[in-house]
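In this note's numbering, the protein residues as written are -10 to 126. A virtual CB, placed ideally from N, CA and C, is assigned to each residue, including glycine. Computed from a predicted structure; not experimentally measured. First the structure, in the form of structure tokens, and then the observations on it.
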């Protein structure tokens, strides 16, 4: 039950963060963005990836990660709110993209989502190292 409450709280926090931004650039310098892109009709791969994210919500939140969804060139929040963007994303890509706080694409991988791989990539970023050092003081 406690884990379920944490998951729901995490989803609500992610929704609050996402609902205040209408443009992808609004997240720059505030959040890292994980875009789940589904080339398939059923969206099964991105749903499985999102389940993995919610099962480790604290780790994603600690790294200031916001999750968005890309399908048919439309970028949306969990609540289906459209997000404007100027970046070029692959048209038929079934995988995930990690965008750093600086707005650059840091990772582009096909599914399945491997959280440890993403965490290692984020934790190796200079900005993240500074964040970890500041939090430990």
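- For the beta strand (DSSP E) assignment, the uninterrupted runs of no fewer than 3 residues enclosed by the segment 44 to 82 are, from N- to C-terminal side, 54 to 60, 63 to 65.
- Per the DSSP secondary-structure output, residue 84 pairs in a beta bridge with 26, 99.
- When DSSP states are grouped into helix, strand and coil, residue 31 belongs to the coil group.
- Setting aside the 5 residues that flank it on each side, residue 111 is surrounded in the same chain by 52, 117, each with a C-beta closer than 6 Å to its C-beta; the list follows chain order.
- In the three-state reduction of the DSSP assignment, residue 12 falls in the strand class.
- Ranked by how close their Cα comes to the Cα of residue 55, the residues 18, 119, 100 have 18 in first place.
- The straight-line gap separating the alpha-carbon atoms of residue 72 and residue 64 is approximately 5 Å.
- DSSP places residue 116 in the uninterrupted alpha helix (DSSP H) bounded by 115 to 125.
- Taking the Cα of residue 13 as reference, the smallest distance to any Cα among 50, 102, 88, 96 is reached at 88.
- The beta-carbon separation of residue 26 and residue 59, rounded to 4 Å, stays under the 8 Å limit for a contact.
- Within the DSSP bridge table, the entry for residue 94 names 88 as partners.
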